[in-house]
Every structure is written in structure tokens, then in C-alpha cells.
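Asks: In my numbering, the protein residues as written are 3 to 119.
Think of the CB as a built atom: it goes at the ideal place given N, C-alpha and C, for glycine as much as any other residue.
Keep in mind the model is a prediction, meaning the values are calculated, not measured.
Questions regarding the structure given below will be posed in turn.
Structure follows, in C-alpha cells:
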């Protein structure tokens, strides 16, 4: 699994959109992640999208680091800046660890469930 950050405009979304784009060549894991994240963010305006329609962010290249493993397929998650800003009281490298908010916890829980199941 790899985590990346992108701007909403890079993802083809309006500039204030909080979203997770789910990509990578592991289609089964990608489907599990989409389902788990949609449940986690069901009562919010966070968008969870399969990244298949976003060529620059979909992680479908065999040479992409996420797919360079024994199975040749992985899960790539792209988090937009507005979503990352909601995950932490202070979204800086120095302060993120001590300023975690509920959206981060929900994201981690859903991602772990997808990976485990």
C-alpha cells in the first residue's frame, strides 16, 4: 500500500473537495478499500472514488512503487489536501502526530479493515 497526497484540481475535482482516490493494480483490494472508506465517511461530505478514471493518479503502472511487490499489484490511496487538513488540527509534519482528529482515525480504521479482509 502507498499513500500519496494530491490537490483536488489534480484529481479533477473542485478546489475545496475532501476526497480519497483509490487506485493500484490490486482490483480486489481496491474494491474492499472503496467499500470500507465509503462506510467510514458515509455521514460526511468526503468523497471516496475509484481512481480508474484519473490516469495520473490511478496507480495502474506496473512500474509504480505500489505495484512493485511479489504479487505485482498493490493499493494506492491519494488524499486531497482538504481531507488531510481535516485529519489534523495542525497539518504540518512536526505537529500531525499530536493533533489527530476523527477523520484520520476513521481513515486508518477503514484502511486497516480493507487490508485485513
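#1: Which first and last residues belong to the beta strand (DSSP E) in which residue 30 is found?
#2: Beta-carbon separation of residue 94 and residue 9 under 9 Å?
#3: Considering only their Cβ atoms, is the gap separating residue 49 from residue 3 smaller than 9 Å?
#4: Assign residue 91 to buried or exposed, taking buried as 16 or more other Cβ atoms, counted over all protein chains shown, within 10 Å of its Cβ.
#5: In three-state DSSP terms, what is residue 102?
#6: Please confirm whether residue 109 and residue 39 have their CB atoms less than 9 Å apart.
#7: Taking the alpha-carbon positions, what's the residue 16 to residue 53 distance?
Replies: Quick answer:
#1: Taken as a continuous stretch (DSSP letters only), residue 30 belongs to no beta strand (DSSP E), being part of the alpha helix (DSSP H) at 29-42.
#2: no
#3: no
#4: exposed
#5: Note: residue 102 maps to strand in three-state DSSP.
#6: yes
#7: 16 Å
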